[in-house]
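Numbering (UniProt numbering), first residue to last: 1 to 406.
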């Protein structure tokens with residue numbers, strides 16, 4: 001296992017032992033690819049990894065400046081559902097394409113991509129996002145697929161970053177090519193980036209993602225920290241028998257790094273092999289972490305709509321978050337709505353009902369008419385999802401995660 005020591009410079013990381021497929025019952029179906037990526041002679045020797053010095057970091061809070069939109073109250077009302085939840089957070093999937101094939105996200109047999117002409121154009125995306133800002137949305141997150149593989153990603157990020165009224169402009173990425181876009185994202189004033197990283201062992205990374213790329217993701221994490229322009233969060237989907245033995249290694253990152261490590265309960269989506277036997281609950285994670293870090297304690301949540309319950313180890317710079325969608329759902333405070341890459345609104349991550357906004361945008365309708373469809377979508381939102389076993393039964397009626405946008 002990786003062990004970190006002060007200061008975090010030229011970090012020596014031991015080469016991981018070979019991953020035994022039989023010890024990973026979770027992914028037996030994937031062993032046809034696993035032998036090459038998991039064999040001991042395929043693991044690179046130990047090497048020095050660059051890890052940034054943190055003494056120069058200015059702040060853990062990154063404000064976007066004084067930008068205010070003229071909020072239309074009639075549109076703001078369109079974003080309030082039957083249960084009084086106000087939706088101020090828009091997640092925009094820019095593409096269904098990805099340069100990884102993570103097992104919990106993409107089915108083993110792949111997906112059918114939407115036709116190119118059904119993917120929202122940059123103009124349509126900016127128009128829709130601007131309308132939401134005028135309706136009171138103050139947080140926009142770009143997702144995928146992998147958002148950075150979209151050809152016009154840089155230009156689109158710049159245009160979206162110029163929308164008035166956004167307190168948070170964020171992105172979720174696998175980090176493989178993030179380092180190429182750091183300068184652009186600085187100019188776009190992106191102030192929050194979530195990087196997905198489910199393991200600190202390169203061989204296990206290749207097994208889970210069905211691709212290599214650990215070194216590039218690690219480089220992107222360092223680049224984002226060096227850039228000191230955004231809050232950095234690392235998302236880790238925890239799965240029994242795969243990475244639940246690495247929880248404390250991830251927590252150790254927060255000792256010197258001002259990052260949020262967010263442990264996410266494994267969730268069911270189309271053909272992603274979910275089982276309650278493979279899921280690790282929030283309470284189980286906390287119990288395991290406290291064996292090594294007994295001072296782990298609840299921290300103040302920055303927002304009533306925060307999905308992650310935040311904890312902190314005494315004396316550590318960063319935070320540890322737990323997203324418990326399955327064992328301790330937070331539907332009552334949900335303020336999120338999703339726009340898929342092919343132009344459909346989803347009012348719930350797990351919901352199967354969608355509202356086609358693309359055709360409304362392309363039919364010459366006014367902004368008021370578009371917001372009428374948005375209101376319909378918001379009003380149709382249910383009070384809560386039906387719990388983990390109901391979700392598992394309904395999973396194959398939903399999109400695979402890669403076509404929703406995380």
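Glycine is no exception: its CB is placed at the ideal position from the N, C-alpha and C atoms.
- The beta carbon of residue 137 sits closer than 6 Å to those of 88, 90, all from its chain and outside the five residues before and after it, given in chain order.
- Beta-bridge partners of residue 279 (DSSP): 239.
- Here residue 143 is near residue 172, since their CB atoms are less than 7 Å apart.
- As for any alpha helix (DSSP H) of minimum length 4 sitting wholly inside the stretch 61 to 118, the runs are 73 to 78, ordered along the chain.
- Secondary structure note for residue 248: its alpha helix (DSSP H) is the uninterrupted segment 247 to 253.
- Annotation: the continuous beta strand (DSSP E) that includes residue 139 extends over 139 to 143.
- If you keep only unbroken beta strand (DSSP E) runs of at least 3 residues inside the stretch 280 to 355, you get 309 to 312, 319 to 323, 336 to 339, 344 to 346.
- Pairing residue 336 with residue 178, the inter-Cα distance amounts to about 25 Å.
- Residue 373 and residue 234 have their C-alpha atoms some 34 Å from each other.
- Nearest neighbour of residue 80 by Cα position, chosen from 366, 313, 332, 190, turns out to be 332.
- Under DSSP, residue 379 forms no beta bridge with any residue.
- Residue 282 counts as buried, since no fewer than 16 other beta carbons sit within 10 angstroms of its beta carbon.
- Rounded to the nearest angstrom, the gap between the Cα atoms of residue 326 and residue 267 is 7 Å.
- Counting along the chain, residue 127 sits inside the alpha helix (DSSP H) bounded by residues 122 to 134.
- If you draw a 10 Å sphere on the C-beta of residue 352, you find fewer than 16 other C-beta atoms in it, and that means exposed.
- Taking 7 Å as the cut-off, the Cβ atoms of residue 254 and residue 316 count as close.
- Contact between residue 280 and residue 240 holds: CB atoms are separated by about 5 Å, below the 8 Å threshold.
- Rounded to the nearest whole angstrom, the C-alpha separation of residue 208 and residue 102 is 6 Å.
- DSSP places residue 222 inside the alpha helix (DSSP H), whose first and last residues are 214 to 227.
- Per DSSP, reduced to three states, the secondary structure at residue 179 is helical.
- Going by DSSP, residue 171 is part of the beta strand (DSSP E) stretching over 168 to 173.
- Scanning its chain for C-beta atoms nearer than 8 Å, with the 5 sequence neighbours on each side dropped, one finds around residue 286 the residues 296, 311, 322, in chain order.
- For residue 262, the enclosing beta strand (DSSP E) starts and ends at 260 to 265.
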